[in-house]
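Trainee: Numbering (full-length UniProt numbering), first residue to last: 1 to 99. All C-beta atoms, glycine included, are put in the ideal place defined by N, C-alpha and C. This structure is a prediction, so every number in the text was calculated from the model and none was measured. Take a look at this one; I'll ask things after.
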Amino acid sequence: MNPNDYLILSAILFAIGILGFLFRRNAIVAFMSVELMLNAVNLTMVTFSHVHGGLDGQIGAFFVMIVAAAEVVVGLAIIVTIFRSRRTTSVDDVNLMKY
């Protein structure tokens with residue numbers, strides 16, 4: 001498969017992630033959109049690593065996966081805590097940091 005195909009797929013995934021993050025009001029969907037964008041970046045880094053014959057992109061993708069895993073743990077804990085107290089995951093209804 002041509003590396004350009006992977007880059008096009010990565011751009012499409014990143015665009016879907018941006019649209020999901022900007023237009024959906026549910027915190028879980030926004031969270032999944034961020035994960036989709038991170039995976040698109042991983043695909044790009046691995047593709048460039050494969051094209052150039054180095055391991056830099058793969059190592060970078062590994063670190064991005066570690067950060068994404070930590071983000072999931074902290075983010076889901078925050079979302080679950082907000083849902084338990086407010087009974088909603090809408091980002092419009094949550095204004096805890098306002099006061």
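Got a sec? Which residues, its chain only, sit under 6 Å from Val72 by beta carbon, not counting five neighbours each side?
Mentor: Around Val72: no qualifying Cβ.
Trainee: Using C-beta distances below 6 Å, list every residue in its chain close to Phe14, excluding the 5 sequence neighbours before and after it, in chain order.
Mentor: Correct list, in chain order: Met37 and Ala40.
Trainee: Spatial neighbours of Gln58 within its chain, please: CB distance less than 8 Å, with the 5 preceding and 5 following residues excluded, ordered by chain position.
Mentor: These residues qualify, in order along the chain: Met45, Val46 and Ser49.
Trainee: Leu76: buried (16+ other C-beta within 10 angstroms of its C-beta) or exposed?
Mentor: Exposed is the call here.
Trainee: To the nearest angstrom, how far is the alpha carbon of Phe23 from that of Gly54?
Mentor: Between Phe23 and Gly54, the C-alpha separation is close to 37 Å.
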